[in-house]
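Asks: So for the sequence shown, this note's numbering puts the first residue at 1; every next one is plus one.
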Amino acid sequence: MKVSLLDLKAQYETIKDDVRASMEEVLDAQNFILGGQVGRLEKAIADYSGTAAGVGCASGTDALYLALRALEVGPGDEVVTVPYTFFATAGAIWNVGAKPVFVDIQPDTYNLDPDRLESAITARTKAIIPVHLFGQCADMGPITDLAKRRGIAIVEDAAQAIGAEQQGRRAGSLGDIGCFSFFPSKNLGCFGDGGMAVCNDPALAERMRILRVHGSQPKYFHSLVGVNSRLDTLQAAVLLAKLPHLDRWSAGRAAHAAFYDGAFADVTEIGRPVAREGNLHVYNQYTIRVPDRDGLVKQLSAKGIGHALYYPLPLHLQKCFASLGHREGDFPESERAARETVSLPIYPELPEDARAYVAEAVRSCFA
1 MKVSLLDLKA QYETIKDDVR ASMEEVLDAQ NFILGGQVGR LEKAIADYSG TAAGVGCASG
61 TDALYLALRA LEVGPGDEVV TVPYTFFATA GAIWNVGAKP VFVDIQPDTY NLDPDRLESA
121 ITARTKAIIP VHLFGQCADM GPITDLAKRR GIAIVEDAAQ AIGAEQQGRR AGSLGDIGCF
181 SFFPSKNLGC FGDGGMAVCN DPALAERMRI LRVHGSQPKY FHSLVGVNSR LDTLQAAVLL
241 AKLPHLDRWS AGRAAHAAFY DGAFADVTEI GRPVAREGNL HVYNQYTIRV PDRDGLVKQL
301 SAKGIGHALY YPLPLHLQKC FASLGHREGD FPESERAARE TVSLPIYPEL PEDARAYVAE
361 AVRSCFA
């Protein structure tokens, strides 16, 4: 048997008529840039996330960049985040001219450790970017308390966590600005790149709308130097067709996670995902940690099972950030996660026999 890490064709087969009909509307109207579907999607995602406004853009990376620009983060400022995340988190900080300041992660959730946060705050700290990694919100209570006390903005990197909740509030609504990615592998993915920032502040939303069109308002008159980062109307149409299915897909992922949890419960060598009390985990990834990852990866590959390693080299050890002066050992939990974690197939359409095959392949490594 072969099991893919992700099978987008299986999802498409269940919704292709709706997707095609939605795209046909755009093709008939021939309005491909910021057409009506973009505005409809912005409202739908804002409503879904429990926020007042959404601003569609070209990618989740650009959502982070636009959020930081809207908050006037720039040269001389510092932004605190984690080194165990996708590159875009720190890349956006760097590209607005600010300095990424790293804080280590919790060993069980892989999210920012609030107990380590205050020591990283300085007079130059302008924002904090907690990452809701793998589909679970970071521990936002103490992060928010500290940020309010110190007058620091919070930008949620919710690229992997649309629909996740903490104490009944959805990802994207827990900070000043929430940032989503619609990359095809996400729980809500389009047919290419796409992203969105959501917030409750009309002024921040308007600033991001201006920044995404070269800083112009009205057209050809520029109050800011912005970028070209618009969400294509065709991508918005795809997402509008998919959004009604999102909660069902997330529930399917959670059910598969529960199956894996049960299958691995008696294997002490396998560290299973931990969903904190009060959190709704949407499992963009099902990530386990094992002492001999190389051995497990070899076994999975031999059995034709798709898997992924997120993220094998933490950001503080990346060559492009060498000027920050970090070295191995500075963030031990992030480094350990980079060595020990592997993600397994969990997409909603994953068949029962495939789940069983994956579980048995993993278990057999520790027999």
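Every residue, glycine too, gets a C-beta built ideally from N, C-alpha and C.
Measuring only the C-alpha atoms, how far is residue 393 from residue 282?
Replies: For residue 393 there is no data in the structure shown, the boundaries of the chain being 1 and 367.
Asks: Check for me: the alpha helix (DSSP H) holding residue 332 runs from which residue to which?
Replies: 332-340 is the span of the alpha helix (DSSP H), which, as asked, contains residue 332.
Asks: Can we say the stretch 228-245 touches the stretch 40-55, given the rule of at least three CB pairs closer than 8 Å?
Replies: Touching, yes.
Asks: Of the choices 333, 306, 308 and 180, whose alpha-carbon is the least far from that of residue 316?
Replies: Looking at the Cα atoms, 333 is the closest of the given residues.
Asks: Do you know offhand how far residue 93's Cα is from residue 180's?
Replies: Each residue's alpha carbon lies about 16 Å from the other.
Asks: Give the straight-line distance between the Cα atoms of residue 132 and residue 165, rounded to the nearest whole angstrom.
Replies: Between residue 132 and residue 165, the C-alpha separation is close to 10 Å.
Asks: Going by beta carbon distance, what residues of the same chain come within less than 7 Å of residue 215, once the five residues before and after it are set aside?
Replies: Closer than 7 Å at Cβ, skipping near neighbours: 222, 223, 224, 225 and 226.
Asks: Less than 7 Å separating the beta-carbons of residue 128 and residue 147?
Replies: Yes; because the gap between Cβ atoms is below 7 Å, this pair is in contact.
Asks: Among all the DSSP beta bridges, which residues are the ones paired with residue 228?
Replies: The partner list for residue 228 (beta bridge, DSSP) reads 213.
Asks: What I want to know is whether the C-beta of residue 345 ends up closer than 6 Å to one or more non-hydrogen atoms of the ligand ATP.
Replies: The model on display carries no ligand, and the ligand ATP is accordingly not part of it.
Asks: With DSSP as the reference, identify every bridge partner of residue 196, one or two as the case may be.
Replies: Answer by DSSP bridge pairing, in chain order: 56 and 180.
Asks: Is the stretch 181-188 touching the stretch 28-37, taking contact as three or more C-beta pairs under 8 Å?
Replies: At 8 Å Cβ cutoff, the stretches do not touch.
Asks: Mind the definition here: the stretch 109-117 touches the stretch 137-146 only if three or more C-beta pairs lie below 8 Å; say whether that holds.
Replies: They touch, by the three-pair rule.
Asks: Of the residues 297, 84, 253 and 79, which one's Cα is nearest the Cα of residue 101?
Replies: Comparing Cα positions, the closest option is 79.
Asks: For residue 99, collect the residues of the same chain with a Cβ closer than 8 Å to its Cβ; drop the 5 residues on either side in sequence, then sort them by chain order.
Replies: Hits under 8 Å: 77, 78, 79, 93, 124 and 324.
Asks: Whose CA, out of 15, 5 and 1, lies closest to the CA of residue 244?
Replies: Cα-wise, what sits closest to residue 244 is 15.
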